[in-house]
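Visitor: One structure follows; several queries about it will come next.
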Amino acid sequence: MTSPTAVLREYVPLLKLKIGLFITLSAVVGAVLTGRGRVGIFDLIGLSVVLFFGSAAASVYNHYHDRDIDAVMGRTKDRPLASGRLRSVNAVLSLGAVLMAASLVLAFALFNLVVALHVLAGAFVYAVVYTVWLKRRSVLNIVIGGLAGSFAVLAGAASVTPELCAPPLLLALVMFFWTPSHFWSLAIACRSDYARAGVPMLPVVVGNVRAARFLFANTVLLVLASIGLWLWGGMGLAYLLPAVGVGAFFLYRNAQLLRDASQGTAWSNFKASMAYLAILYLAVIVDVVSASFRS
Numbered sequence: 001m002t003s004p005t006a007v008l009r010e011y012v013p014l015l016k017l018k019i020g021l022f023i024t025l026s027a028v029v030g031a032v033l034t035g036r037g038r039v040g041i042f043d044l045i046g047l048s049v050v051l052f053f054g055s056a057a058a059s060v061y062n063h064y065h066d067r068d069i070d071a072v073m074g075r076t077k078d079r080p081l082a083s084g085r086l087r088s089v090n091a092v093l094s095l096g097a098v099l100m101a102a103s104l105v106l107a108f109a110l111f112n113l114v115v116a117l118h119v120l121a122g123a124f125v126y127a128v129v130y131t132v133w134l135k136r137r138s139v140l141n142i143v144i145g146g147l148a149g150s151f152a153v154l155a156g157a158a159s160v161t162p163e164l165c166a167p168p169l170l171l172a173l174v175m176f177f178w179t180p181s182h183f184w185s186l187a188i189a190c191r192s193d194y195a196r197a198g199v200p201m202l203p204v205v206v207g208n209v210r211a212a213r214f215l216f217a218n219t220v221l222l223v224l225a226s227i228g229l230w231l232w233g234g235m236g237l238a239y240l241l242p243a244v245g246v247g248a249f250f251l252y253r254n255a256q257l258l259r260d261a262s263q264g265t266a267w268s269n270f271k272a273s274m275a276y277l278a279i280l281y282l283a284v285i286v287d288v289v290s291a292s293f294r295s
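FYI, my numbering numbers position 115 of the sequence shown as 115, with every residue one higher than the one before it.
And the structure:
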């Protein structure tokens with residue numbers, strides 16, 4: 001008989017905890033930015049649960065739909081469904097449905113309909129638009145799929161007020177540009193895997209060198225968008241200085257990839273992209289909190 005611990009160990013990877021963490025963090029930062037520090041801790045906890053459940057639901061479906069191509073990729077072949085360790089497809093799909101339903105019910109009960117709609121839109125973009133429609137068909141798969149992260153920011157903002165305003169829209173734009181720079185780095189590092197699986201990621205279609213050029217250009221737009229948050233989003237120097245500094249660092253990493261579009265350099269750029277977003281989000285929080293103390 002399989003122990004509960006062993007079963008749990010197979011189901012947890014379906015949730016893609018790292019992606020869930022970044023999606024949840026995006027929503028929290030969106031709420032803090034919109035509320036200008038006037039957001040309750042329990043509201044942030046509730047928002048985190050809502051977004052994590054929604055992200056996990058989409059990730060579960062992604063595991064289910066991509067189990068065939070995951071099985072031929074070195075990076076993903078040991079995933080529970082791809083490896084065959086999990087065989088109960090109905091149980092997996094039921095888990096995803098329960099998580100999605102819980103996310104939407106909590107979003108509406110704790111906040112409002114707009115939060116629920118943003119959560120649903122983000123999950124739909126990742127699970128259907130990206131996973132089902134675009135991933136195996138279009139080189140723009142991850143570009144359009146990046147809207148999932150943007151909807152997380154907007155969900156966080158809507159938990160404070162359902163009316164759209166400039167700061168969270170600008171942060172959502174930052175998240176939109178961050179996603180290709182992040183995932184194209186991964187795609188360059190794992191180009192042979194994607195080619196073997198027949199997935200038209202940018203490096204597979206145009207090669208690593210040209211992909212690195214597109215990545216650099218996208219990161220320029222990302223850094224400009226981050227500065228736009230200072231120009232039009234009401235942020236102060238406590239945000240601007242770290243944003244410019246970490247932006248320069250990320251561009252430097254991108255420039256290294258331009259000179260050497262190898263797997264090792266791509267992995268370094270991939271890790272740098274995560275550090276970039278974490279520092280940028282921290283800068284937003286510090287700026288908002290420091291401004292609230294001064295007011």
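We put the CB at the ideal spot given by N, CA and C, even for glycine.
Here the structure is a predicted model, which means the values were calculated and not measured.
Just tell me which of 261, 243, 143, 254 has its CA closest to the CA of residue 282.
Guide: Counted from its first residue, the sequence shown places residue 282 at position 282. Ranking 261, 243, 143, 254 by Cα distance to residue 282 puts 243 first.
Visitor: Looking at the structure shown, is residue 161 part of a helix, part of a strand, or coil, going by DSSP?
Guide: As a working mapping, residue 161 is identified with position 161 in the sequence shown. Coil, per DSSP.
Visitor: Out of curiosity, what's the CA-to-CA distance linking residue 190 and residue 179?
Guide: Counting from one through the sequence shown, the residue named residue 190 turns up at place 190. Counting from one through the sequence shown, the residue named residue 179 turns up at place 179. Rounded to the nearest angstrom, the two C-alpha atoms are 16 Å apart.
Visitor: Are there 16 or more other CB atoms within 10 angstroms of the CB of residue 184, so buried, or fewer, so exposed?
Guide: In the sequence shown, residue 184 corresponds to position 184, counting from 1. Burial call: buried.
Visitor: Give the secondary structure of residue 20 by DSSP, where H, G and I count as helix, E and B as strand, and everything else as coil.
Guide: The count along the sequence shown starts at 1 and reaches residue 20 at position 20. Of the three classes helix, strand and coil, the one that applies to residue 20 here is helix, per DSSP.
Visitor: Taking the Cβ atom as the reference point for each residue, do residue 168 and residue 33 lie within a distance shorter than 9 Å?
Guide: Within the sequence shown, the letter at position 168 stands for residue 168. Within the sequence shown, the letter at position 33 stands for residue 33. Yes, Cβ-Cβ distance for residue 168 and residue 33 is below 9 Å.
Visitor: Suppose you measure from the CA of residue 106 to the CA of residue 53; what does that come to, to the nearest Å?
Guide: Working through the sequence shown from its first residue, we reach residue 106 at position 106. Working through the sequence shown from its first residue, we reach residue 53 at position 53. If you take the alpha carbons of residue 106 and residue 53, they lie about 10 Å apart.
Visitor: For the region 201-218 against the region 56-72, do three or more pairs of beta-carbon atoms, one drawn from each stretch, fall closer than 8 Å, so that the two count as touching?
Guide: no
Visitor: Measure how close the beta-carbons of residue 172 and residue 150 come, nearest whole angstrom, since I'm counting them as under 8 Å.
Guide: Here residue 172 is taken as the residue at index 172 of the sequence shown, counted from 1. Here residue 150 is taken as the residue at index 150 of the sequence shown, counted from 1. The pair is a contact, with the Cβ atoms about 4 Å apart (cut-off 8 Å).
Visitor: Would you call the region 213-223 in contact with the region 239-258, where contact means no fewer than 3 C-beta pairs closer than 8 Å?
Guide: yes
Visitor: At 4 residues or longer, and completely inside the region 53-112: list those alpha helix (DSSP H) runs for me, N to C.
Guide: Listed in chain order, the complete alpha helix (DSSP H) runs (minimum 4 residues) inside the region 53-112 are 67-70, 80-83, 89-110.
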